[in-house]
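Colleague:
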Amino acid sequence: MVVIMTLSACAGDTEEAPAPSESNENQQDDADTHTGGMNSGTEENNETDSKSPSHAEMNHSGSGEVPEGLKEAENPTYPVGSQAIIHADHMPGMNGAKATIVGAYDTTVYSVTYTTPEGEKVENHKWVIHEEIKEAGEEPFKPGDQVTLNADHMEGMDGATATIDSAEKTTVYMVDYISTDGEKVTNHKWVTESELKAE
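Each residue of the sequence shown is one higher than the one before, counting from 1 in full-length UniProt numbering.
Rendered as C-alpha cells:
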C-alpha cells in the first residue's frame with residue numbers, strides 16, 4: 001500500500017508515467033518536431049554570423065552541370081581558368097575570396113523572392129538565371145513577374161513560386177573558391193560580372 005501511494009505521488013497529475021527511457025525518446029521526438037528536422041541547418045546558422053537561415057542552407061558547391069540552352073560567353077571579362085576576387089556576400093566567407101573561373105555564360109540574371117514548402121520566405125535571393133525558370137522563353141522576365149523556379153541552389157527552391165525582384169542582362173560565372181573561413185567551394189552558381197574584380 002505504501003508502494004502504491006509512492007508511485008501515484010511520483011506520477012503527479014499524469015495518469016500514466018512513462019519509463020525514463022521512453023520519456024527521453026519522446027522528448028527527443030518533440031525536439032525534432034519543433035525544429036522541423038532543421039538541426040543541421042541550425043548548426044550551419046551558427047557559422048553564418050547571423051546571416052539569413054535560408055542562405056545557410058545554400059548549396060555552396062554544385063555539380064558543374066548547367067541548364068540546357070545556357071550559352072557560353074564568347075569573350076568574357078574573366079575567361080575560364082583565370083582568377084578574380086569575389087565582392088559579394090551571398091554567404092559567409094565569400095566576400096574577398098579568390099575565385100577561379102570555371103564557366104562564363106551570357107544570360108539574364110534575376111534576384112527573386114519565394115516561399116519554401118515549409119513556409120519560410122526567402123527575400124532577394126541572388127542569383128537565378130533565365131534558364132533556371134520553368135516558364136522561360138525568348139524574352140526576359142520583368143520585376144514583379146511571378147515564375148516557377150527550376151533550380152536547387154537552396155533547400156525548398158526547386159518548384160517554388162517566385163517573384164522577380166530585379167533583372168539584368170550580363171555575364172554570370174561559375175566559380176571555385178576557398179572561403180575566408182577555409183571552406184573549399186566548387187562549381188558555385190552564380191556570381192555576376194559586377195561582383196568580380198581582377199586580382
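Positions of the beta carbon are idealized from the N, C-alpha and C atoms, including for glycine.
Taking Ala167 as part of the beta strand (DSSP E), name the residues at either end of that continuous run.
Modeller: From DSSP, the beta strand (DSSP E) with Ala167 extends over Thr161 to Ile178.
Colleague: For Ser111, name the three-state secondary structure that DSSP assigns.
Modeller: Of the three classes helix, strand and coil, the one that applies to Ser111 here is strand, per DSSP.
Colleague: Considering only their Cβ atoms, is the gap separating Tyr105 from Tyr173 smaller than 9 Å?
Modeller: Their beta carbons are under 9 Å apart, which means Tyr173 touches Tyr105 by this criterion.
Colleague: Distance, Cα to Cα, Thr148 vs Glu131?
Modeller: Distance between the alpha carbons of Thr148 and Glu131 is about 11 Å.
Colleague: Ordered along the chain, which non-local residues of its own chain (more than five positions away) have a Cβ less than 7 Å from that of Thr192?
Modeller: Excluding sequence neighbours, Thr192 sits near Val109, Trp127, Thr170 and Val172.
Colleague: Since Ser179 contacts Ala99 with CB under 8 Å, what's their CB separation in whole angstroms?
Modeller: The pair is not a contact, with the Cβ atoms about 10 Å apart (cut-off 8 Å).
Colleague: When the Cα atoms are used, what is the spatial distance from Ala84 to Asn75?
Modeller: Straight-line Cα distance between these residues: approximately 16 Å.
Colleague: Is the beta carbon of Asp176 sitting closer than 9 Å to the one on Gly93?
Modeller: Not a contact, by the Cβ cut-off of 9 Å.
Colleague: Between which two residues does the beta strand (DSSP E) carrying residue 277 extend?
Modeller: For the chain, the structure presents residues 1 to 199; residue 277 sits outside this window and is missing.
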